[in-house]
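Each remark here refers to the structure printed beneath this line.
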Amino acid sequence: MKISLIAHDEKKEAMIQFATSYQHILEKHDLFATGTTGKKIEEATGLNVFRFESGPLGGDQQIGAKIAENKMDLVIFFRDPLTAQPHEPDISALMRLCDVYQIPLVTNLAGAEVMIRALKAGFFDWRNLVRENED
Numbered sequence: 210m211k212i213s214l215i216a217h218d219e220k221k222e223a224m225i226q227f228a229t230s231y232q233h234i235l236e237k238h239d240l241f242a243t244g245t246t247g248k249k250i251e252e253a254t255g256l257n258v259f260r261f262e263s264g265p266l267g268g269d270q271q272i273g274a275k276i277a278e279n280k281m282d283l284v285i286f287f288r289d290p291l292t293a294q295p296h297e298p299d300i301s302a303l304m305r306l307c308d309v310y311q312i313p314l315v316t317n318l319a320g321a322e323v324m325i326r327a328l329k330a331g332f333f334d335w336r337n338l339v340r341e342n343e344d
């Protein structure tokens, strides 16, 4: 599966802890992230992460483009709902694309815990069928 990992500044440490805790699952998948988040995950875990630009510099839009091309299977986005984000329209667009293209999206640690366990259990195998039908 192709998994995007995104975290606002105040949530980056939680994302690193999440990636570290579930490294044994994540290492079996293709990982993508916005710039700083990806760098911090790589440094903390040694996981291979393809890094887009940082969110405010277009990283959210780059991930959105992959979603629109059916080249992303899951988005884990630790959002900070208490801090205004200068790129909020990009965030909203990314979330809208997940809804339009039926890409599972979680925005907090509780949802990520459920999704990662579902991923391990094979509950995302339907995404393989979707991609095969697109080709």
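FYI, in my numbering the residues of the sequence shown are 210 to 344. Quick reminder that beta carbons are idealized off the backbone N, C-alpha and C, glycines included.
Exercise for review: Could you tell me if PRO313 is buried or exposed, where buried requires 16 or more neighbouring beta carbons within 10 angstroms of its beta carbon?
Suggested key: buried
**Study point:** Bridge-paired residues (DSSP) for ARG260
**Key:** ALA242
Practice item. Kindly confirm or deny that the segment 228 to 237 and the segment 297 to 307 touch, where touching means at least three C-beta pairs closer than 8 Å. Key: no
Review point. Looking at C-beta atoms only, is the number of pairs between the segment 261 to 277 and the segment 291 to 299 that lie closer than 8 Å three or more?
Key: yes
Point to revise | Identity of the residue in THR246, PHE241, ILE212 nearest GLU219 by Cα | key: THR246
Review point. Could you give the residue range of the alpha helix (DSSP H) that holds ILE276?
Key: 268 to 277
Review point. Per DSSP, what kind of secondary structure is ILE312 in: helix, strand or coil?
Key: coil
Practice item. Compare the Cα-Cα distances from MET224 to each of LEU328, CYS307, GLU251, MET281 and report the closest residue. Key: GLU251
**Study point:** Assumed close pair ILE285, SER213 - CB separation to whole angstroms, cut-off 8 Å
**Key:** 7 Å
Exercise for review: Compute the beta-carbon to beta-carbon distance between HIS217 and THR292, rounded to the nearest angstrom, for a pair I have assumed lies under 8 Å.
Suggested key: 7 Å
Exercise for review: Specify, as a first and last residue, the run of the beta strand (DSSP E) that LEU214 falls within.
Suggested key: 211 to 216
**Study point:** Assumed close pair PHE261, THR243 - CB separation to whole angstroms, cut-off 8 Å
**Key:** 6 Å
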